[in-house]
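Working notes for the structure below.
Residue numbers (the working numbering): 673 to 1450.
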């Protein structure tokens, strides 16, 4: 390891440990080799075993803390450091590790205690000052943060520091002014940083983020393009630009630039980064091709060759390759690669994903459980396992896995958002609120989460929390109008039209194109109150002032639609999309209009466009399925619903509609129908009675009349007391041989008036209710 050959050292040590697994010193050396080879999460297991040996003293425990921290298990790292500091309270490395762990876990006050302790001993240590400054900024302790910044400025100006240190200070100074509300000064400082440190990706990333927050995403992209063009061999800059372009919807340019960089540099890492981008874009074949190029460059051989030297490729590279191949269904090739992977956790993770892809969720989850014993802080794998647990119908396990993923790395996945949506669909609003609060610690500017948190908080009577979240949404560039519109709609529902209109007239700038969403809601309320002419005149007047505003064209199109002028509405909405092809709301509005006028196929095109722009929103996919269903295209609707449920497994309404279609098509006995019927019960808290009644019909199709009776009884308790429910109860009672109870149920059904099965109920009563007959789902 002294020569820096950490991967080779880890391989040798692992082989020795197979014969001497109880040797704590070897476990320690193996863990350190993994840690120095940037495999922190894998290092946790051997270091934990080493730390149990008192003969190794504190050192193994300290190294375990570092591995936990670098592997993302921040809370566990802080707890481990707490325990060790009780033995050695003066240990400076432990103090720093605990401070960094608490900082990463967003426990700013706890981190500051250790930073202050360290600064008493090293008052001019710039790294500690920078970390303390970050904690103070998050706590909005402006005065103290300014003092720390001034101390940092003196040190930076008086010392011979690296460009990276000076670049970091530059963006810290600019960020302070931005957080302090001086956007003009911050803009000047950030622009200076971009010019002074053109090749530093960290600096350019922070500068771009600032301009995006100011609503100038185009300038952010322009600055990044300029930096990337000026330094084409700087891979971090090219990766940063590709990521920003992807977020802006410029997917083709993002791929083109990163591919060109990979071709120019001709290095394995460049092709691997292209593969990462393509994976994020769900282009699995493209990702596989990019990884093939990376492996070919590393080994000098074609990866498809029968004698490809897998042994010359690091195991983490083989793991990433196998993960892509699993998703492509190349299972034989995966088995071939697994024969060359010795690391148990890599094998377990690939085998788990293979089982999941093959439709064996329980087997997959068992393998993941084994893997998590070795790699507990793998947020991505826990997230994936959580989704598979939903498919398996194990919702409690799914919630636990998603919570673990959220705790391990709030910023790594959307586990928190998925979990909150599950909890809200289950009727557990308070739990969803807590989950969203934690999720926003790692995704503070996520508008979907902010809007969701606002709605739940207001529903629970926590208006102060809700308004704070809505204020945070309003502070985001391009979201002020949406925040105003949301508030007005809440007021309209709760307090009436006049209160909502007064709010908009007082607080919103309805003549500002940036608040077009608020103007559209104002017009909607006016039309609902019978003041359509006034609404049309005002929206048209504002539009005439800025006819090239996509938002105003959309507001005009929506207003015209509500007023009944569908042709003019369509023209306006199409113009809005010409001006901004990435407007999901305009695409949805146009799709709704086209569906309303029976142009289903064209409507689907725009629903799909909206879904591509905003994949977090399930509404376009669900509305597309309903449009197909209304047009009598049940098979296509069912396929759309299946696709929607892959992306949004918590969508109870989608599950319920799928089951209804299956029952109509005589597919009630299919295992998938039963699984989704149960899921609909779980995730339709707003209509649990109806869902239970539908589940009962599916259970009858499966020959489980006893469960059907039990669930129909629950459906009645939840208020679902329709004639059809009592008719189904009668059929289920018949199937159990409970003829008197069946007659009572049929009688109760007919007392409710005419319904589709009324004649069948009369016939069964007239025949004195014989034994079971006919279809179990009629």
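Cβ coordinates follow ideal geometry from the N, Cα and C atoms, glycine included.
All values reported here derive from a predicted model rather than from experimental measurement.
Note down the Cα distance separating residue i from residue j, rounded to an integer number of angstroms.
i	j	result
residue 1227	residue 1368	45 Å
residue 1333	residue 1393	22 Å
residue 687	residue 693	10 Å
residue 1084	residue 1058	14 Å
residue 1198	residue 1191	11 Å
residue 926	residue 936	15 Å
residue 1002	residue 1011	15 Å
residue 819	residue 1021	48 Å
residue 830	residue 860	23 Å
residue 1006	residue 1025	11 Å
residue 796	residue 1354	57 Å
residue 1056	residue 1408	42 Å
residue 1154	residue 1189	5 Å
residue 848	residue 1086	28 Å
residue 920	residue 888	12 Å
residue 1365	residue 1340	13 Å
residue 1027	residue 1039	9 Å
residue 764	residue 782	16 Å
residue 1077	residue 1439	59 Å
residue 1342	residue 1363	17 Å
residue 883	residue 911	19 Å
residue 1269	residue 1240	14 Å
residue 857	residue 868	16 Å
Can the beta-carbon of residue i be found closer than 7 Å to that of residue j?
i	j	result
residue 1433	residue 1418	yes
residue 1091	residue 1112	no
residue 709	residue 739	no
residue 953	residue 934	no
residue 742	residue 712	yes
residue 1258	residue 1266	no
residue 1071	residue 1062	no
residue 1036	residue 1060	yes
residue 1298	residue 1278	no
residue 1194	residue 1182	yes
residue 873	residue 827	no
residue 1128	residue 1104	yes
Closest by CA to residue i, which one among the options?
i	options	result
residue 1272	1304, 1247, 813, 678	1304
residue 922	990, 1106, 1254	1254
residue 870	895, 886, 853	895
residue 991	1153, 977, 1019, 1186	1019
residue 885	1107, 909, 850, 741	850
residue 1015	987, 1036, 1004	987
residue 1150	1182, 1141, 1187, 1180	1187
residue 822	842, 1051, 835	842
residue 1325	804, 1157, 1351, 910	1351
residue 1157	880, 959, 1176	1176
residue 1089	1322, 1391, 1421, 1399	1322
residue 1082	1106, 1110, 1336	1110
residue 890	1142, 906, 913	913
residue 1284	865, 918, 1308, 866	918
residue 767	754, 1246, 1134	754
residue 863	1346, 1319, 892	892
residue 788	807, 1031, 1223	807
Could you check if residue i is buried or exposed, using at least 16 other CB atoms within 10 Å of its CB as the buried criterion?
i	result
residue 1171	exposed
residue 746	buried
residue 854	exposed
residue 1445	Low local confidence applies: a pLDDT of 39 at residue 1445 is under 50, so the model's placement there is unreliable, and no value is given.
residue 1152	buried
residue 1435	exposed
residue 974	exposed
residue 1217	exposed
residue 1118	buried
residue 622	Only positions 673 to 1450 of the chain appear in the structure, and residue 622 is not among them; the question remains open.
residue 1125	buried
residue 1399	buried
Closer than 6 Å: is that where the CB of residue i sits relative to any heavy atom of the ligand COA?
i	result
residue 1240	With respect to small molecules bound, the structure shown includes none, and the ligand COA cannot be examined in it.
Which runs of the alpha helix (DSSP H) at least 4 residues long sit entirely within the stretch 1400-1426? Give them in chain order.
Taking only runs of at least 4 residues, the alpha helix (DSSP H) segments lying wholly in the stretch 1400-1426 are 1411-1423.
Curious, which full-length alpha helix (DSSP H) runs of at least 4 residues does the stretch 795-832 contain?
The qualifying runs are 798-810, 814-830.
Which parts of the stretch 1147-1216 are runs of the alpha helix (DSSP H), unbroken and 4 residues or longer, counting only runs that do not cross its ends?
The stretch 1147-1216 contains, as complete alpha helix (DSSP H) runs of 4+ residues, the segments 1152-1167, 1169-1179, 1188-1200 (chain order).
My parser needs the alpha helix (DSSP H) runs of 4 or more residues fully inside the stretch 873-910; what are they?
List check, alpha helix (DSSP H) in window: 873-885, 889-902.
Where are the alpha helix (DSSP H) runs, 4 residues long or more, that stay fully inside the stretch 999-1051, in chain order?
Qualifying alpha helix (DSSP H) stretches, in chain order: 1003-1010, 1016-1029, 1033-1046.
Sequence ranges, alpha helix (DSSP H) only - wholly within the stretch 1238-1303, length at least 4
Taken in chain order, the complete alpha helix (DSSP H) segments of 4 or more residues contained in the stretch 1238-1303 are 1238-1251, 1256-1268, 1272-1285, 1291-1302.
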